[in-house]
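Just so you know, the sequence shown maps onto residues 1 to 277 in the numbering used here. Using N, Cα and C, we set each Cβ at its ideal position, and we do this for glycine too. These notes concern the structure reproduced below.
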Amino acid sequence: MLELEHGFRVVDVSTRLPPTDGSGDPPGRAITPDRLEREMHQAGITRSVVFPPSRPEASYLAANNGVARRSVDRPFVAFARINGTQTPGRKATGRLRNAVRRREDHHTSPSDVEKYAYDDRFHGFVLDPAVDDYPDDDVLAALEDVDLPVVVRGGVDAPPETLAELLFERAFPVVVGSFGGHPLNQSLMTDMIDLLDEYDDCYLETSFVRYRDQLERALLEHPDRVFFGSGAPACHPNVAVMEILTLDVSEDLLRRAFSKNACRVIDALTPDAEPRG
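Here it is in structure tokens:
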């Protein structure tokens with residue numbers, strides 16, 4: 001595919017980096033780190049937050065370390081994927097389940113959070129509540145202590161009101177994937193944009209948001225709270241970049257969405273953090 005020329009500096013906060021054995025790839029979509037790097041270059045993306053795919057009932061230690069290892073000497077910023085033991089809900093059965101469920105070896109612990117945070121290979125965390133549930137209070141407290149950004153997959157299985165109840169009042173930045181509406185749920189996206197008025201340290205990323213109304217509304221009403229995310233490799237980054245370029249908003253808002261906003265929250269994405277050739 002031809003390189004996309006657009007004149008903007010672009011950073012990406014939503015890129016999966018599957019294991020080298022291909023076990024984490026979507027069906028028919030095997031990708032290597034080298035190929036992913038080439039596709040990002042074709043799209044004009046200078047730095048990408050990368051993390052392993054979600055896997056139920058799995059420890060992410062090896063997968064996270066693999067992502068960090070494959071990010072060396074590439075324009076990749078490694079985030080550690082975490083999991084938890086808690087499920088949302090106010091019913092007595094749900095509260096009882098959460099109260100008695102204990103962390104097992106494959107669950108993220110507070111000490112795991114500290115190790116990732118103070119390992120200079122990792123710059124934040126990723127959580128997929130639909131697959132991995134939510135961290136318990138001790139792990140959430142550890143996340144507050146280290147104060148690194150957490151990218152959360154939002155959608156029908158992790159709706160805005162649940163994310164707000166469990167995460168948004170915590171003392172760390174939360175970046176909600178797909179505007180909180182995966183897959184393609186406009187109502188949830190609208191609800192998530194509404195919540196930006198209430199929570200100052202909450203941000204939205206654009207992967208798999210196919211609706212101009214929601215994208216333009218978020219940028220116009222909350223110009224500092226929208227981050228570009230490609231959703232690669234499931235979506236080619238060229239396609240994701242073009243969807244933002246064709247919005248009817250000013251160049252200043254495009255620059256904010258493409259890089260300025262994310263760089264205020266994720267230091268490793270700034271131009272100063274890029275390796276010098």
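- Of the other Cβ atoms in all chains shown, 16 or more fall within 10 Å of the Cβ of D133; this residue is therefore buried.
- Distance from the CA atom of L253 to the CA atom of L163, rounded to whole angstroms, is 26 Å.
- For D12, the uninterrupted beta strand (DSSP E) run begins and ends at V10 to R16, by DSSP.
- Restricted to the segment 54-82, the beta strand (DSSP E) segments that are unbroken, complete and at least 3 residues in length are 76-82, listed in chain order.
- Here E274 carries a coil assignment [DSSP, helix/strand/coil].
- For E114, the enclosing alpha helix (DSSP H) begins and ends at P110 to A117.
- With 16 or more neighbouring CB atoms inside 10 Å of its own CB, R225 falls in the buried class.
- By the criterion of a C-beta distance shorter than 6 Å, G124 is surrounded in its chain by F79, L148 and P149, once the five residues flanking it on both sides are discounted.
- Here F168 carries a helix assignment [DSSP, helix/strand/coil].
- Residue D157 holds the alpha-carbon nearest to the alpha-carbon of G180 among A273, D157 and V11.
- For a cut-off of 8 Å, the C-beta gap from P18 to I31 is around 7 Å, short enough to register as a contact.
- In the DSSP assignment, S187 falls within the alpha helix (DSSP H) that extends over Q186 to L195.
- Counting only the Cα atoms, P223 lies some 11 Å from S250.
- Checking the DSSP bridge columns, you'll see S48 partnered with D12 and F76.
- If you draw a 10 Å sphere on the C-beta of E39, you find 16 or more other C-beta atoms in it, and that means buried.
- Selection L143, L184 and N185 evaluated against F168 yields L143 as nearest (Cα-Cα).
- With contacts defined as CB atoms closer than 8 Å, V175 and F228 fail to qualify as a contacting pair.
- Across the structure, S111 and G84 are spaced so that their CA atoms are roughly 13 Å apart.
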